[in-house]
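What follows is one structure encoded as structure tokens, with my remarks underneath.
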Amino acid sequence: MFILYNYIRKDIMNSMKLSKVSNALVLASLLGVGAAMSPPAHAGSAPANLSVTASVTANCTISTTAVAFGAYDPVVANASTALNGSGSVTIACTKGSAPNITMDLGANASGSQRKMLVTGGGTDVLDYQLYQPPNTTPNTACTFPGSTVWGTSVATTFTPTAPSSKTGRSYNVCGTVAAGQDVSVGSYQDTVVATVNF
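Under my numbering, the sequence shown has 27 at position 22, and the numbering climbs by one with no breaks.
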């Protein structure tokens with residue numbers, strides 16, 4: 006009985022020793038992981054400003070819709086009454102830019118007179134003129150007869166208000182074909198270059 010007691014007692018003591026050793030190893034491992042995850046110690050810190058910059062340059066896009074006059078009747082309807090029509094020019098510009106819009110005289114002009122040429126190889130021309138809208142408010146309807154020719158000189162350049170956003174703005178192009186012209190049957194055409202300057 007005494008021998009059995011001593012054996013059991015020794016076994017229990019050995020188990021307790023092993024348990025203590027295991028606990029010590031686990032604790033040491035946890036302390037090691039914690040030390041690895043801790044931020045490194047610093048002797049001090051020093052700040053510095055980092056400059057971040059960009060620049061915005063002026064830019065514009067321009068698009069047009071045609072001035073389509075339709076049928077011109079030199080004998081009756083337009084014998085003494087001009088034929089009017091309108092198209093439009095749309096610009097989208099960087100906010101705060103200062104755009105203006107010019108129109109050249111077209112491909113068939115004579116002096117300052119714009120002319121449409123009959124298609125198909127003929128020589129007849131149909132005189133017409135393009136005018137600026139009555140004011141610089143976008144989409145203002147044309148009034149006829151127009152007052153300010155739309156051209157390329159300082160006096161005939163259209164200058165809208167400075168854009169408050171990059172949203173596109175449309176302006177009417179007001180066209181007039183002079184009355185009473187003695188021209189042949191056919192289709193007449195011209196190409197005018199509209200330019201936005203900024």
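Here a beta-carbon is modelled for each residue, glycine too, at the ideal position from N, C-alpha and C.
Computed from a prediction, not measured in an experiment: that's the story for all the values here.
**Asked** Looking at residue 178 and residue 92, is the spacing between their C-beta atoms short of 8 angstroms?
**Response** Reading the sequence shown from its first residue, position 87 is the one you call residue 92. Reading the sequence shown from its first residue, position 173 is the one you call residue 178. Yes. Within cutoff.
**Request:** Report the rounded CA-to-CA distance for residue 115 versus residue 193, giving the unit in angstroms.
**Result:** One-based indexing of the sequence shown puts residue 115 at position 110. One-based indexing of the sequence shown puts residue 193 at position 188. In a straight line, the C-alpha of residue 115 is about 16 angstroms away from that of residue 193.
**Message:** Using a 10 Å radius around the Cβ and a threshold of 16 neighbouring Cβ atoms, would you call residue 55 buried or exposed?
**Reply:** Numbered from its first residue, the sequence shown carries residue 55 at position 50. Residue 55 should be labelled exposed.
**Message:** Using the three-state DSSP reduction, which class does residue 91 fall into: helix, strand or coil?
**Reply:** On the sequence shown, residue 91 is found 86 positions in, with the first residue counted as 1. Residue 91 falls in the strand class under three-state DSSP.
**Request:** List the whole-angstrom C-beta distance separating residue 154 from residue 161, where the pair is believed to meet the contact cut-off of C-beta under 8 angstroms.
**Result:** In the sequence shown, residue 154 corresponds to position 149, counting from 1. In the sequence shown, residue 161 corresponds to position 156, counting from 1. Indeed they touch by this definition, with Cβ atoms about 5 angstroms apart.
**Request:** Using only the heavy atoms of the ligand MN, determine whether one of them is closer than 7 angstroms to the beta carbon of residue 131.
**Result:** With respect to small molecules bound, the structure shown includes none, and the ligand MN cannot be examined in it.
**Assigned secondary structure, residue 194 (DSSP; H/G/I helix, E/B strand, else coil)** = Residue mapping note: residue 194 aligns to position 189 of the sequence shown, counting from 1. If DSSP states are grouped into helix, strand and coil, residue 194 belongs with the strands.
**Request:** On a CA-only basis, which of 117, 109, 64 is nearest residue 157? Give me that one, please.
**Result:** Working through the sequence shown from its first residue, we reach residue 157 at position 152. Considering only alpha carbons, the answer is 109.
**Message:** Tell me whether the segment 136-148 and the segment 167-187 touch, counting them as touching only if at least three CB pairs, one residue from each stretch, are closer than 8 angstroms.
**Reply:** yes
**Item:** Within 8 angstroms, strictly: CB atoms of residue 106 and residue 172
**Value:** Reading the sequence shown from its first residue, position 101 is the one you call residue 106. Reading the sequence shown from its first residue, position 167 is the one you call residue 172. Contact flag unset, no.
**Message:** DSSP has residue 135 in a bridge; who is on the other side?
**Reply:** In the sequence shown, counting from the first residue as 1, residue 135 sits at position 130. For residue 135, which the question treats as bridged, DSSP gives the partners 180.
**Distance between beta carbons of residue 131 and residue 188, contact taken as under 8 angstroms** = The residue given as residue 188 occupies position 183 in the sequence shown. The residue given as residue 131 occupies position 126 in the sequence shown. By a beta-carbon distance limit of 8 angstroms, residue 188 contacts residue 131. Their separation comes to about 6 angstroms.
**Request:** Under 8 angstroms Cβ to Cβ from residue 134, same chain only, skipping five residues before and after it: list those, please.
**Result:** By one-based count along the sequence shown, residue 134 stands at place 129. These residues qualify, in order along the chain: 118, 119, 151, 154, 180, 181, 183.
**Message:** Using a 10 Å radius around the Cβ and a threshold of 16 neighbouring Cβ atoms, would you call residue 205 buried or exposed?
**Reply:** Residue 205 is absent from the model: the chain starts at 6 and stops at 203.
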